[in-house]
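Numbering (our numbering), first residue to last: 1 to 398. Report on the structure given below.
Put into structure tokens, the structure is as follows:
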């Protein structure tokens with residue numbers, strides 16, 4: 001009876017050990033990002049500054065130096081047959097773009113008071129109403145609020161301008177003097193956040209009132225995004241690898257507050273600007289050539305494209321700045337460089353392990369481990385063997 005119980009215990013222990021051996025087989029490693037140069041728009045440097053994905057996700061509008069503008073396929077950006085070369089009729093630089101929420105037109109902001117509209121119906125670009133109010137002023141940013149009734153233009157002198165086709169341009173009161181680097185509006189609420197170089201972050205209310213957020217002026221803000229429509233939150237991005245969440249007060253935007261300033265201490269390089277990710281996240285552009293995905297819903301961020309990997313892939317392309325990034329699926333999309341390179345990215349295929357090799361490895365581990373385990377169990381449950389061992393130990397010591 002006792003021997004049978006001991007044997008059953010031994011077999012149970014052996015079974016547990018076998019299960020542990022099988023569970024120790026490594027799981028599939030996380031996929032990395034694969035880069036591919038799809039095309040280069042021109043042989044010369046285009047000096048691209050901005051890009052914008054259309055609301056339907058089908059087209060990308062890009063623009064830059066010397067009034068350059070072009071329409072690309074969002075799904076097949078490497079194919080030139082679907083491109084539309086646009087004629088702005090200007091030689092000043094475009095700095096920012098913003099599609100209207102309905103997607104039929106896009107506003108274009110640039111140097112020397114260049115405020116223009118792209119019309120998808122006939123692919124034309126022409127000046128908007130009321131540009132006399134901003135003549136000669138270098139415009140840096142533009143964004144529509146989600147209702148589509150008003151847009152906001154930011155300028156190098158710190159001024160912010162409310163715009164509609166009916167009223168033209170109206171300068172907002174209470175602005176300061178530092179350059180506007182970015183404007184982002186909440187995707188459901190008519191509240192916008194403004195980033196400046198040295199005056200901090202500001203909130204624009206539903207009634208176009210500007211409130212600067214206390215404690216944000218020490219940072220050099222390069223971008224802002226309101227990526228997740230389910231959160232009453234936007235995030236500012238500052239030089240020195242810093243981010244700060246802004247909690248929006250929907251009832252009284254002037255009472256909006258900021259969370260603690262966060263810093264990425266393990267990254268090299270610096271933030272340059274931001275683009276919108278596929279999944280309600282923000283894609284932060286970096287120099288040297290790299291991207292970071294910031295996920296506001298879970299307050300986490302991780303490096304998506306590593307600068308060292310990009311440099312090893314193509315030293316020439318990776319030496320250029322990133323003008324715009326968009327995704328057609330999770331971690332799958334395109335990068336446009338300032339030069340005009342079109343780079344696709346997607347997860348690398350997972351490394352497959354040969355099942356026959358893995359089986360041999362597991363069996364080898366079992367062959368090595370099991371005999372010793374069995375002998376140990378037999379010894380522990382055999383008084384005879386223990387007695388023989390103790391007698392041998394005494395003789396060996398004498």
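Cβ atoms here follow ideal geometry from the backbone N, Cα and C, with glycine treated the same way.
Whole angstroms is fine: what's the gap from residue 340's alpha carbon to residue 70's? What you label residue 340 is simply residue 340 of the chain shown in a count that begins at 1. What you label residue 70 is simply residue 70 of the chain shown in a count that begins at 1. Roughly 11 Å between the two C-alpha positions.
Label residue 229 either buried or exposed according to how many other C-beta atoms from any shown protein chain fall within 10 Å of its C-beta, with 16 as the threshold for buried. Your numbering for residue 229 matches position 229 in the chain shown. So residue 229 ends up on the exposed side.
Counting pairs of beta carbons, one from the stretch 155-167 and one from the stretch 215-226, are three or more of them closer than 8 Å? no
Can you list, in chain order, the residues of its chain whose CB lies under 8 Å from that of residue 348, leaving out five sequence neighbours each side? For the purposes of this step, residue 348 is taken as the residue at position 348 of the chain shown. Only 31, 32, 33 and 34 meet the Cβ criterion.
Whole beta strand (DSSP E) runs in the stretch 156-210 with 3 or more residues, listed along the chain? 160-164, 168-171, 180-185, 192-196 and 201-204
Exposed or buried, what is residue 244 when buried is set at 16 or more other beta-carbons lying within 10 Å of its beta-carbon? Numbered from 1 along the chain shown, position 244 holds the residue referred to as residue 244. Classification of residue 244: buried, given that the 10 Å Cβ count is 16 or more.
Output the residue ranges of the beta strand (DSSP E) runs that lie fully inside the stretch 98-167 and measure 3 residues or longer, sorted by chain position. 105-110, 114-119, 124-127, 139-144, 151-155 and 160-164
Going by DSSP in three states, residue 95 sits in which element: helix, strand or coil? Indexing the chain shown from 1 puts residue 95 at position 95. In this structure, residue 95 counts as strand in the three-state DSSP scheme.
Pick from 133, 107, 131 and 273 that is closest to residue 125, judged by C-alpha positions: Numbered from 1 along the chain shown, position 125 holds the residue referred to as residue 125. Minimum Cα distance to residue 125 is reached at 107.
Where does residue 240 fall in DSSP's three states? Start at 1 with the first residue of the chain shown, and residue 240 comes out as number 240. Note: residue 240 maps to coil in three-state DSSP.
Taking Cβ to Cβ, would you say residue 205 is nearer than 9 Å to residue 127? If you number the chain shown from 1, residue 205 lands on position 205. If you number the chain shown from 1, residue 127 lands on position 127. Result no, Cβ atoms of residue 205 and residue 127 do not sit closer than 9 Å.
Taking 9 Å as the threshold (C-beta atoms), are residue 274 and residue 225 in contact? Reading the chain shown from its first residue, position 225 is the one you call residue 225. Reading the chain shown from its first residue, position 274 is the one you call residue 274. Taking 9 Å as the Cβ cut-off, residue 225 and residue 274 qualify as a contacting pair.
Tell me the rounded alpha-carbon separation between residue 152 and residue 144. Taking the chain shown and counting its residues from 1, one reaches residue 152 at position 152. Taking the chain shown and counting its residues from 1, one reaches residue 144 at position 144. Approximately 6 Å, taken between the alpha carbons.
May I have the straight-line CA-CA distance separating residue 179 from residue 272, to the nearest angstrom? Counting from one through the chain shown, the residue named residue 179 turns up at place 179. Counting from one through the chain shown, the residue named residue 272 turns up at place 272. Looking at the two C-alpha atoms, the distance is approximately 15 Å.
Secondary structure at residue 80, three-state DSSP: helix, strand or coil? On the chain shown, residue 80 is found 80 positions in, with the first residue counted as 1. Helix.
Residue 333 bridges to which residues according to DSSP? If you number the chain shown from 1, residue 333 lands on position 333. DSSP lists 327 and 345 as partners of residue 333.
Starting from residue 281, trace the beta strand (DSSP E) both ways and give me its first and last residue. In the chain shown, residue 281 corresponds to position 281, counting from 1. No beta strand (DSSP E) contains residue 281, which DSSP labels as neither H nor E.
Residues that residue 264 bridges to, as DSSP identifies them: Here residue 264 refers to the residue found at position 264 of the chain shown. In the DSSP output, where bridge partners are listed per residue, residue 264 has none listed.
Tell me, which residues are paired with residue 70 by DSSP? By one-based count along the chain shown, residue 70 stands at place 70. The partner list for residue 70 (beta bridge, DSSP) reads 62 and 85.
Would you identify the three-state DSSP class for residue 75, choosing helix, strand or coil? The count along the chain shown starts at 1 and reaches residue 75 at position 75. Three-state result, residue 75: coil.
Using the beta-carbon count (16 or more within 10 Å), is residue 297 buried or exposed? In the chain shown, the residue the question calls residue 297 occupies position 297. Label assigned to residue 297: exposed.
Residue 38 - DSSP class collapsed to helix/strand/coil: Taking the first residue of the chain shown as position 1, residue 38 is located at position 38. It is a strand residue.
Apart from the five residues on each side of it in sequence, which residues of its chain come closer than 6 Å, Cβ to Cβ, to residue 301? Position 301 of the chain shown holds residue 301. The answer, listed in chain order, is 292 and 294.
For a quick check, are the C-beta atoms of residue 282 and residue 227 less than 9 Å apart? Position 282 of the chain shown, counted from the start, is the residue given in the question as residue 282. Position 227 of the chain shown, counted from the start, is the residue given in the question as residue 227. Against a cut-off of 9 Å, the Cβ pair of residue 227 and residue 282 comes out as a contact.
Ordered along the chain, which non-local residues of its own chain (more than five positions away) have a Cβ less than 7 Å from that of residue 287? Within the chain shown, residue 287 is the residue found at index 287, counting from 1. The residues are 269, 270, 272 and 321.
Buried or exposed for residue 209, going by 16 or more other Cβ atoms inside 10 Å? Here residue 209 corresponds to residue number 209 of the chain shown, with the count starting at 1. Residue 209 is exposed by the Cβ-count criterion.
By Cβ distance below 6 Å, which residues in the same chain neighbour residue 177 in space, the five residues on each side in sequence not counted? Position 177 of the chain shown, counting from 1, holds the residue named residue 177. Closer than 6 Å at Cβ, skipping near neighbours: 158.
Length of the line joining the Cα atoms of residue 79 and residue 73: In the chain shown, counting from the first residue as 1, residue 79 sits at position 79. In the chain shown, counting from the first residue as 1, residue 73 sits at position 73. C-alpha separation (whole angstroms): 8 Å.
Inter-residue spacing [alpha-carbon to alpha-carbon] between residue 327 and residue 51: As a first step, residue 327 is located in the chain shown; it is residue number 327 there, counting from the start. As a first step, residue 51 is located in the chain shown; it is residue number 51 there, counting from the start. If I take the Cα positions, the gap works out to 13 Å.
How far does the alpha helix (DSSP H) with residue 309 in it extend, from its first residue to its last? By one-based count along the chain shown, residue 309 stands at place 309. It spans 307-313 - the alpha helix (DSSP H) in which residue 309 sits, taken as one unbroken run.
What residue range is occupied by the uninterrupted beta strand (DSSP E) comprising residue 290? As a position in the chain shown, residue 290 is number 290, starting the count at 1. Unbroken beta strand (DSSP E) run through residue 290: 290-295.
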